[in-house]
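Sequence lines, in order, name chains A, B, C and D.
Counting in our numbering, the first sequence runs from 1 upward without gaps.
Counting in our numbering, the second sequence runs from 1001 upward without gaps.
Counting in our numbering, the third sequence runs from 2001 upward without gaps.
Counting in our numbering, the fourth sequence runs from 3001 upward without gaps.
What follows is one structure encoded as structure tokens, with my remarks underneath.
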Amino acid sequence: MTVALALEQLLNGLQLGVMLFLMAAGLTLIFGVMGLINLAHGSLYMVGAFACAAVAAWTGSFWIGLIASLVAAAAAGAIVELVVIRRLYDRDHLDQVLATFALILMFSEGTRWLFGSFPLYLDIPPLLQGAVTLPGGTQYPVYRLAIIAAGAIVAIGLYMLISKTRLGMRIRAGESDREMIGALGVDIRTLYTVVFALGAALAGFAGAMVGALQSVQVGMGEPVLILAFVVIVIGGIGSIKGALLGALLVGVTDTMGRFLLPQIFAFFAPPAQAGMIGGAVASMLIYIVMAVILAVKPRGLFPAAHA
Amino acid sequence: MNRENLVNFILAVLLLAVPFAANMAGQPFYVTLATRVAILALAATGLNLALGLGGLVSFGHAAFFGIGGYVAGILATHSFSGEPLLFGLSGTNQMWVIWIVAVLLAGLLGLAIGAISLRTSGVYFIMITLAFAQMVYYFAVSWPAYGGEDGLSILVRNQFPGVMTMRPLGFFLICYVVLLVGIGLFALIRASRFGNALQAARQNEVRVATVGIQPYRIRLTGFAISAMMTGLAGALFADLNRFVSPSMLSWHMSGELIVLIVLGGTGRLFGPLAGAALYVAFEYALGGITERWQFFLGLILLVVVLFARGGLLGLLAGKARHG
Amino acid sequence: MVEPVLEIFDLVKNFGALRATDGVTLDLRPGEIHALIGPNGAGKSTLIHQICGTLRQDSGTIRFAGQDIGGLGVAGRARLGLGRTFQVSSLAPEFSALRNVMLAVQAREGTSFRFLKPVMRDGSLIDAAMAMLERVGLTARARIPAAELSHGERRQLEIAMALALRSRAFLLDEPMAGMGPEGSKSLTRFLDTLRQEAPILLVEHDMDAVFALADRISVLVYGRIIATGTVEEIRRDPAVRTAYLGDHA
Amino acid sequence: MKKLLAAATLTLSLSASGLAFAEPLKIGMITTLSGGGAGLGIDTRDGFMLAIKNSGNKDITVVTEDDAQKPELAVQIADKMIQSDQVDILTGIVWSNLLMAVAPSAVAQGKFYVSTNAAPAALAGANCNKLYFNAAYQNDNLHEAMGEYANKGYKKMFILAPNYPAGKDSLTGFKRYYKGELAAEVYTQVGQTDYAAEIAQMRASGADGIFVFLPGGMGIAFMKQFAQSGVKIPVMGPGFSFSQDVLPAIGDAALGAKASGQWAPDFDNEASKKFLADFQKEYNRLPSIYAVQAYDAAQLILSAAAKADVTDADAFRAELLKADIQSPRGNFKFNTNQHPIQDIYLTEVVKQDGVLTNKTVEKIFTDHKDAYAKDCKI
């Protein structure tokens, strides 16, 4: 193993982490402000990817598709909030889990209804095609660097939004005291819809970005959703900072585990078996990490004030 | 007999009557459907102990369901092939033995998962149980010895003294009796001193601690018992399908078990049975009408959660009562 | 002198820069009612939380029934015989009054891990619980869910539960709060008899009750005990008059 | 589930009064019509129904149901089809794990199973069965062909598959014929969507060729990411990796990829041309290999039903074994284990008239048989 390869894998882990952060940020924001657990977040990710693929195919431009993904996911989020989610804030987590589980079924089947059963085509825009040579001589795909950059921009943007703007102030107020924010005269219903749509747009953005790299198909959001849950649980539910660090931790752990574990097992076992056992342990690794973290810190690394 | 008991009684009789009628009408498939209802109801009754009585929203009970299934599959495979299993012990095709092993292993797994998960609460608990189940799921998928993703076939259904288990009706009766025993146990536990403490811990954790009972121990015990019952259902489910695969461990399965309970009525004695019957009927009837049945299943579920919170039993038998 | 049941020595608790408990030393002797008074925000709740075990002190010791209980959790302290009631009633709301008391009885007996016998057909459990309800005068309300009981009845129910534990000391957190004058009077009479059972640490705002009941009074201000003494001593104490009663004379 | 798409529209009238016909044949098709793998099941169903429709045979009823790619659902449907619908033949399952759940117990109950795709080794060797036929291949075949192909010109291969039984069979099949050195043998998580870590390993491995078996969405993701990585090592795989159901989603990233297959749309025989034209006319898209396999399965059943009564299992089986059909694949015979003996070709992904498709390059195997037939004693 060379330093260049290790560096490349680290970048890969970073990129996965950034992508997870886009998902986890929305989830944790929605939980932090409204106390709502949203299983259908992965469906919004899917909506973003499908909107981007469909619009990109129609207009021929990935960038218009990307904008469409933001709009579509935010709109879907706002509609869902208005029709369904709004009735769930006062319910217990059980009801929230169930209702959003039901939404997953509806979104998945509905998307298949609209777009059919075959995966859609979505390509990387020409501007970001190909690979660049990194210092050290490794080639690395431009698009993955772009995802890392986009994630960093979103993270900074979110930080600015929450710490510097009026909306952010209301969000913070909502996180610390739900009754007080009502007393402050903020229209809490609108605030909730806006926050939910914002979280949805982030998920849709992630879906569109990743859709170009993977396959745009029904059910694509579910594996990401579960990873995002692992992220926010590790980070501390409700904490954006926790989501960022949790996402990077999960991304790097997962990538490095898949890369290193088979090699470690190769010291004890023949290559084919080492590959299988290493692969098996690698697929469980992040859950093991999560269990260890929660055994030590039951409320995650950065516990939010309530939850 | 109050109204809820009457509804419960009718449900129990109906579940018994439908397979006999179907058998006589030469429609043995409905016997299979009824068996499925009974097994799912048993699994959900197990979950109901944790969720309904203890307020522990476990989103990972598929792990126990699947463990039970794999116990049945693995023991049967070894019995069939004659290869020793562990420490020279051989497999078995006797349901009795399989059940005991399934219950014990599921209980142990429940203790292990519960010991860590119960340190958390609320959303954390939901998520961490989900994550543990995913861990078991990925283990099953990538462990090559017992079929991995492909699963494990049981060529001939396991045996039970005095019953022709390959006959749909014979196997149904076994499952039916086990379900009734499971529901009976649930009723006993709910009314017992332990049930007192478990339910009190759901209503008011501080109160339980203040009288000197550690909620953690009570919950851990409840969680393990719950895992055992769900594990037993898993073993039966494997025998019903003569097949076990990681899909029994998937998070959709965990979700479905919760759905069954809520459809029927959370914490109600016959809630899981009512929910399972309703769910299987939905699946069957909707599937006959449209290829998009999952969409409508979601819609119905949503409506139940939003507007009919007591579930089916809430509609039929009114509000739940507590002694 | 008799060995105190509860001994608190130099207890300190900080919340960030705020010192909520500042070197509190306090004891509770057999047979007495020791009242803890102080203005809002004086740190009474924080102190109670530390005694019950919901909060851990930063330094100092708490001894109860002859042993250091600093390492025990809420349940452990309760099992040693620390019975408490809450400022805002804390009950299992869906359970009947009877079943709430049963919970305390089975907790005292250590029989919570019995799975098969229905509590509602368990004669010894019912009798023991009914006896407690009778002592607080709730016999007629035994089958009513706790959530449907009146405010005063819930207070009585909490006391019945503490009684069922056969506590070695009672920690009563504002039992008079929200009670009408009639209720306060009868509760005062009841508490007066309760001291024979076990000593009471009484946190209370109702000064009439405090002066009527207390053998000793401690005054907590800004996390400190500024005075401890008999009713008369406290009435006369200039520091108390200044700091607490707002008397600048 | 219960999608009673009973034989699309053509036999609706018959199923009601089916008993009026002399010897009606009832086929139960269990396939994946919802969920992520629905594309394969839809092609299976459409290919199958095309052959039934072309035959004009009015005595055949096909009951189709969706298994949603869930084994326990497939079992439940199979139970229903056997117990309530009383079908004579089951078919249509795409996935090996679902097949393993259904086929052994179906044949144990005396029903025929004709597989349109899944072909696990477990049913090809010692556990083969008189009532179980496979019209597609044996799972290892296409991988074996690529192993054989890699011997020409590749000295150090990087091989990769998902960590599940079909993935392990795949790499085993490849290694059975490949004689060169292995740069690495990597197993990835089932359903994995990001292959950056594996691609980095490929780059660093010094391999001169890459063999991947990643069906469905996994393959789409891998090919797109590989194309962006700047790694220039040639990629090859079994036919499903670049089949018509995934090509549009992969896009130009698939261009030039080599694969093995028993059929490609450019096959120059009459049966293939007719099939292609009929399929495009009926469904307005290019068929995938799954459609061909299902089409042949239906043809096989039709050919046997024309000469024997399904209730006479031995006679029906004997007719099936003759494989008296015009397969778009060209050569098609059954081996002793009732799996195909057929030619396997090398194909390459090209763009024709703006549509990505597979072009035949050369024949790798002639009359290829699987490795398990020798263990089958029937």
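Cβ coordinates follow ideal geometry from the N, Cα and C atoms, glycine included.
- In this model, Ser-2184 of chain C and Gly-238 of chain A are separated by some 44 Å (Cα to Cα).
- Not a single C-beta of chain A is nearer than 8 Å to the C-beta of Ser-3327 of chain D.
- Within chain D, not a single residue places a beta-carbon under 8 Å from that of Gly-136 of chain A; the smallest gap is close to 12 Å.
- In this structure, the beta-carbon distance from Asp-254 of chain A to Leu-294 of chain A does not fall below 8 Å.
- Annotation: Asn-3331 of chain D to Phe-3267 of chain D spans about 12 Å, alpha carbon to alpha carbon.
- Close CB contacts of Arg-258 of chain A within its chain, under the 7 Å cut and outside five residues either way in sequence, are with Ala-282 (chain order).
- Taking C-alpha positions only, Leu-2157 of chain C is separated from Arg-2108 of chain C by approximately 16 Å.
- Shown here, Lys-3175 of chain D sits in a helix according to DSSP, grouped into three states.
- Between Val-3102 of chain D and Leu-3090 of chain D, the beta carbon gap of about 7 Å places them in contact (Cβ cut-off 8 Å).
- Taking CB atoms only, Phe-1270 of chain B has no neighbour in chain C less than 8 Å away.
- Chain order gives no chain B residues near Asn-3284 of chain D, where near means a beta carbon separation below 9 Å; the closest approach is about 19 Å.
- Residue range 2097–2109 is occupied by the alpha helix (DSSP H) that includes Ala-2104 of chain C.
- As DSSP reads the structure, Gly-235 of chain A sits in no beta bridge.
- Of all alpha-carbon atoms in C:Thr-2046, C:Ile-2037, C:Val-2005 and C:Asn-2014, the one lying nearest the alpha-carbon of Ala-2243 of chain C is that of C:Ile-2037.
- Across the region 215–239 of chain A, CB contacts with chain B closer than 7 Å involve Ile-226, Phe-229, Val-230, Val-233 and Ile-237, in sequence order along the chain.
- For Glu-2182 of chain C, the secondary structure class from DSSP, reduced to helix, strand or coil, is helix.
- Taking a cut-off of 8 Å on C-beta distances, the region 212–222 of chain A does not touch the region 80–93 of chain A, as fewer than three cross pairs fall below it.
- Among the residues facing chain B, Glu-2094 of chain C is included, as its CB has a counterpart in that chain under 8 Å away.
- Scanning chain D for C-beta atoms nearer than 8 Å to the C-beta of Leu-1155 of chain B yields Pro-3104, Ser-3105 and Ala-3108, reported in chain order.
- Of all residues in the region 121–132 of chain A, none is placed with a Cβ closer than 9 Å to any Cβ belonging to chain B.
- Relative to Leu-301 of chain A, the option among A:Leu-249, A:Phe-267 and A:Ile-288 whose CA is nearest is A:Leu-249.
- Among the bridge pairs identified by DSSP, Asn-2014 of chain C is matched with C:Arg-2019.
- As a beta-bridge residue in DSSP terms, Met-3157 of chain D pairs with D:Leu-3182 and D:Gly-3209.
- Closest by C-alpha distance to Arg-1202 of chain B, out of B:Val-1156, B:Tyr-1030, B:Val-1057 and B:Gly-1026, is B:Val-1057.
- Chain-ordered, the chain B residues with CB closer than 8 Å to the CB of Tyr-3164 of chain D read Val-1141, Ser-1142, Gly-1148, Glu-1149 and Asp-1150.
- With respect to the 8 Å criterion, Ile-2033 of chain C and Ile-2159 of chain C are not classified as neighbours on the basis of their beta carbons.
- Proximity of chain B to Asn-3097 of chain D at the Cβ level (cut-off 8 Å) is accounted for by Gly-1147, Glu-1149, Asp-1150, Gly-1151 and Ser-1245, in chain order.
- With a cut-off of 8 Å on Cβ pairs, the region 2042–2061 of chain C is not in contact with the region 2134–2150 of chain C, counting fewer than three such pairs.
- Note that the C-beta distance between Ala-1227 of chain B and Gly-1107 of chain B is below 8 Å.
- Of all residues in the region 3189–3202 of chain D, only Gln-3189 and Val-3190 come within less than 8 Å of chain B when Cβ atoms are compared, listed by chain position.
- Cβ-Cβ separation between Ala-3291 of chain D and Ala-3135 of chain D: approximately 12 Å, too far for a contact (criterion under 8 Å).
- Considering only beta carbons, the part of the region 3076–3093 of chain D lying closer than 9 Å to chain B consists of Gln-3076, Asp-3079, Lys-3080, Met-3081, Ile-3082, Gln-3083, Ser-3084 and Asp-3085, in chain order.
- The criterion of a C-beta distance shorter than 8 Å is satisfied by Leu-1240 of chain B and Thr-1035 of chain B.
- Distance from the Cα of Val-3063 of chain D is smallest, within the candidate group D:Glu-3072, D:Ile-3052 and D:Gln-3069, for D:Ile-3052.
- At least 8 Å separates the CB of Pro-1019 of chain B from every CB of chain D.
- In chain order, Ser-2184, Leu-2187, Glu-2204, Asp-2206 and Ala-2209 place their CB closer than 7 Å to the CB of Met-2176 of chain C, counting only its own chain and leaving out the 5 sequence neighbours on each side.
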